[in-house]
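The numbers in the sequence shown follow the working numbering, run straight up by one, and end at 650. Glycine is no exception: its CB is placed at the ideal position from the N, C-alpha and C atoms.
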Amino acid sequence: MKRRFYIETYGCQMNEYDSEILAGILSSQEYVPGSGPEDADLILLNTCSVREHAEQKVHSRLGELKALKKKNPGLRIGLVGCMAQNLKADIVKHKPYVDMVLGPDSYRHIPEYLHSDDSPVIDTDLSKYEVYDGLFPSRREGVNAWISIMRGCDKFCSYCIVPYTRGRERSRSPQSILDEAKRSAEQGFAEITLLGQNVNSYRSGAFRFHDLLKALTEVEGIKRIRYTSPHPQDITEDLVKVHAACRPRIASHIHLPLQAGSDRVLRRMNRTYSQKHYLQLVDMIRKHVPDMGITTDMIVGFPGETEADFRETLEVMRKVKFDSAYMFKYSPRPHTRAAAMEDDVSEAVKSARLTELIALQKEHTLYRYRKMIGRDVGILVESESKKSPDEMKGRTSCNKIVVFPREDYRPKALIRRRITDAQGVTLFSRPEG
Ligand code: 5AD
Ligand code: SF4
């Protein structure tokens, strides 16, 4: 008899992809996707540990699932992903109703765990080699397919838990990536997004990240290629030249986490670049690809961040004027080097700095979006607009959402239209007059 599974995903795109891999593995067993947690025999929470808040959300979700298990004692609950790796067996000490604790490198073994009599099942071994080759994602309909090309991180930014939850860097073979891209095209996906915790440190012998990007432009049927997230240290001029040469197939968008603007904080964060190096990278990128969308991640309130350091961050933001940014308050994470530093910026100061950063970024976002008005741009059509059935939405190469009249447009078509307006984080292309 078929049993039903339900997966809830928290955190980054790699987790989205991993949940598709998990769905693929379960579907190869006696499981079928259920419609929700209530009718499931197995619930997996695929979790994130990047900030404390991400973990708190899952703790409270587990509390709700405990109640569900009381009603349905046959239900099995699995905690998988980064939080499982971070908390390991500790989680079952406090939450004995959790049946499985599986780190990100253990998914290949799930079939045996499903049939094991052990309770709980705990596997948080990290592997030097696991790149999920031969495991196939089970995907929903859509425009974009995620493809993981490397895993793990060797950078050890002092605030970041990822090297401890995802282990060391390892890259997949070019052939298996090309095969997955071809399969994605055959399944009807128009766009692929290459994923890695440090995507541009990809390498397979002498074959580097920019070689891979170039090779992928040859895959028939893929209209757009994106990737996330790169590290500034591994951005090369060769990579940016491939962007310039392979437009529009390679999207003109780079997500380039800056994190902080002052060299003192960057050093303490172990980011391995200086403010000057970062600004030179931005100049080099804009020289080769003037319309490149550049987005970023920022952290405020890192240990020891002074008012002067924070002002420098604002100054760098003003120089770059990012298209958009994810902005966070520093959150101490276990195992990391920064956790041993005194978390000396008060919560009130962190909040005030975050508010100021968000306000400045809002100005820059508006500036970048308004600059698009009057331009003819390529738009990959995604779906009906949420607000009106008479309109569709799609995405520009530089990763901005555009709303435009439905006409005869179908999802996955690459169309050209003129931008007529910008409001908030939406561009519009509407008949003028
Ligand atoms: N506290 C706050 N933000 C963090 N990030 C990573 N670790 C932390 C932390 N300890 C942010 C960084 C990273 C993004 C994914 O999350 O900005 O780029
Ligand atoms: Fe969260 Fe980082 Fe793990 Fe992704 S890799 S789930 S962002 S902790």
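So for serine 568, helix, strand or coil by DSSP? In the sequence shown, residue 568 corresponds to position 351, counting from 1. Three-state DSSP puts serine 568 in a helix.
Go to serine 393, then tell me how far its alpha helix (DSSP H) extends in each direction, as first and last residue. Indexing the sequence shown from 1 puts residue 393 at position 176. From DSSP, the alpha helix (DSSP H) with serine 393 extends over 391-403.
Under the three-state reduction of DSSP, which class applies to threonine 264: helix, strand or coil? As a position in the sequence shown, residue 264 is number 47, starting the count at 1. The answer is strand: DSSP assigns threonine 264 an E or B state.
With 16 as the cutoff for other CB atoms within 10 Å, does glycine 591 come out buried or exposed? For the purposes of this step, residue 591 is taken as the residue at position 374 of the sequence shown. So glycine 591 counts as exposed.
Of all the alpha helix (DSSP H) runs that stay within the bounds of the stretch 374-459, which reach a length of 4 or more residues? 379-383, 391-403, 426-433
Based on DSSP bridge pairs, tell me the residues matched to isoleucine 636. Within the sequence shown, the letter at position 419 stands for residue 636. Per DSSP, none; premise fails for isoleucine 636.
Can you tell me where the beta strand (DSSP E) with aspartate 593 in it begins and where it stops? For this step, residue 593 is matched to residue 376 along the sequence shown. It spans 593-601 - the beta strand (DSSP E) in which aspartate 593 sits, taken as one unbroken run.
State buried or exposed for asparagine 289, treating a residue as buried only when at least 16 other CB atoms are found within 10 Å of its CB. As a first step, residue 289 must be located in the sequence shown, where it is residue number 72. It is exposed - the Cβ of asparagine 289 has fewer than 16 other Cβ atoms within 10 Å.
8 Å contact criterion, which lysine 610 and valine 619 should meet: CB distance rounded: Counted from its first residue, the sequence shown places residue 610 at position 393. Counted from its first residue, the sequence shown places residue 619 at position 402. Confirmed, Cβ separation roughly 7 Å.
What would DSSP say about valine 315, mapped onto helix, strand or coil? Your numbering for residue 315 matches position 98 in the sequence shown. Here valine 315 sits in coil by DSSP.
Could you spell out the range, first to last residue, of the beta strand (DSSP E) harbouring valine 537? Locating residue 537 in the sequence shown gives position 320, where the first residue counts as 1. No beta strand (DSSP E) holds valine 537; the alpha helix (DSSP H) holding it covers 524-537.
Can you tell me whether arginine 220 is helix, strand or coil according to DSSP? Numbered from its first residue, the sequence shown carries residue 220 at position 3. Of the three classes helix, strand and coil, the one that applies to arginine 220 here is strand, per DSSP.
Taking glutamate 329 as part of the alpha helix (DSSP H), name the residues at either end of that continuous run. As a working note, residue 329 is residue 112 in the sequence shown. Counting along the chain, the alpha helix (DSSP H) containing glutamate 329 begins and ends at 327-331.
Can you tell me whether asparagine 361 is helix, strand or coil according to DSSP? As a first step, residue 361 is located in the sequence shown; it is residue number 144 there, counting from the start. If DSSP states are grouped into helix, strand and coil, asparagine 361 belongs with the strands.
Can you tell me where the beta strand (DSSP E) with glutamate 608 in it begins and where it stops? Here residue 608 refers to the residue found at position 391 of the sequence shown. Run containing glutamate 608: 608-613, per the beta strand (DSSP E) assignment.
List in chain order the residues whose CB is within less than 6 Å of at least one heavy atom of ligand 1. Val267, Arg268, Tyr376, Cys377, Pro474, Gln476, Asp514, Ile516, Phe545, Tyr547, Ser548, Arg550
For methionine 558, I'd like the list of residues in its chain whose CB is within less than 6 Å of its CB, leaving aside the five on either flank, ordered along the chain. Within the sequence shown, the letter at position 341 stands for residue 558. Pro520, listed in sequence order.
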